[in-house]
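**Q**
Protein chains: 2
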Amino acid sequence: MHYAELIKTIKARREVLQVTQETVAELSGVGLRTLKQFESGKGNPTLLTLQKIADVLGMEVSLTIKNIAPNK
Amino acid sequence: MHYAELIKTIKARREVLQVTQETVAELSGVGLRTLKQFESGKGNPTLLTLQKIADVLGMEVSLTIKNIAPNK
DNA sequence: CTGCATAGTGCATTATATGGCTCTTTTTGG
DNA sequence: CCAAAAAGAGCCATATAATGCACTATGCAG
Numbered sequence: 356m357h358y359a360e361l362i363k364t365i366k367a368r369r370e371v372l373q374v375t376q377e378t379v380a381e382l383s384g385v386g387l388r389t390l391k392q393f394e395s396g397k398g399n400p401t402l403l404t405l406q407k408i409a410d411v412l413g414m415e416v417s418l419t420i421k422n423i424a425p426n427k
Numbered sequence: 356m357h358y359a360e361l362i363k364t365i366k367a368r369r370e371v372l373q374v375t376q377e378t379v380a381e382l383s384g385v386g387l388r389t390l391k392q393f394e395s396g397k398g399n400p401t402l403l404t405l406q407k408i409a410d411v412l413g414m415e416v417s418l419t420i421k422n423i424a425p426n427k
């Protein structure tokens, strides 16, 4: 997942769950400003920050081998 | 994936590919010191740094919904 | 034991992420 | 159209990630 995709995924997930940035910020312990920056594509969050956010949204950060479509 | 797992995954992947930290650092553009800190569990890398490292190792950072075992 | 390659660490500097406050813009309902 | 809610953005202080350099520790071959 590229940067933009990660953001889209987070935003989409948050919208599906019908929660505001403010709520996610409070529940995750991440500053509202930080979350806003991230979702608006301005930031470069630390892994910890991303994990906190993902966690509240019922998601997790993972590393996968990217050989989904090796030869096409 | 928890923090420690991410690290283990990166280290394991690097070892499978038989590349040194130095090589990964050079190829990814991430400082060797930064990579060493991350692999030794000392850091909290930014998403960008993690992506650069994962990329060189043929991996990618992704967000997944963590409902692997909903009710048990 | 010796030497070499790879990995881990201390220290200092620079760049930047975090986060509170306030204000503006956009979205959502009535 | 209006007002409230939610999202985005500027300013700014503080914490910390990124990085280079030098040194130490570890593992392995001879």
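Residue numbers (this note's numbering), protein chains in the order written: chain A, 356 to 427; chain B, 356 to 427. Note that beta-carbon positions come from the ideal geometry of N, C-alpha and C, so glycine has one too.
1) Out of Val371(A), Phe393(A) and Ala359(A), which has the shortest C-alpha to C-alpha gap to Ile420(B)?
2) Can you give me the Cβ contacts of Arg369(B) inside the same chain, cut-off strictly under 7 angstroms, excluding the 5 residues immediately before and after it?
3) Please determine if the stretch 390-399 of chain A and the stretch 357-365 of chain B are in contact, where contact requires at least 3 C-beta pairs separated by less than 8 angstroms.
4) Tell whether a beta-carbon distance below 8 angstroms holds between Glu415(B) and Met356(A).
5) Which of the three DSSP states, helix, strand or coil, is assigned to Thr419(B)?
6) Rounded to the nearest angstrom, what separates Val385(B) and Asn422(A) at their Cα positions?
7) Does the separation of the CB atoms of Thr389(A) and Thr375(A) fall below 8 angstroms?
8) Please work out which residues of its chain come closer than 7 angstroms, Cβ to Cβ, to Gln373(A), disregarding the five sequence neighbours upstream and downstream, and give them in chain order.
9) Which value, in whole angstroms, describes the spacing of the CA atoms of Ser383(B) and Thr401(B)?
**A** Result, derived from the coordinates:
1) Among Val371(A), Phe393(A) and Ala359(A), the Cα nearest to that of Ile420(B) is on Val371(A).
2) Answer for Arg369(B): Val379 and Leu412, listed in chain order.
3) Too few Cβ pairs lie closer than 8 angstroms, so no.
4) Less than 8 angstroms divides the Cβ of Glu415(B) from the Cβ of Met356(A).
5) Annotated three-state conformation of Thr419(B) is strand, per DSSP.
6) Cα-Cα distance, rounded: 23 angstroms.
7) Not in contact: Thr389(A) and Thr375(A) (Cβ atoms no closer than 8 angstroms).
8) Cβ within range, chain order: n/a, list empty.
9) Rounded to the nearest whole angstrom, the C-alpha separation of Ser383(B) and Thr401(B) is 14 angstroms.
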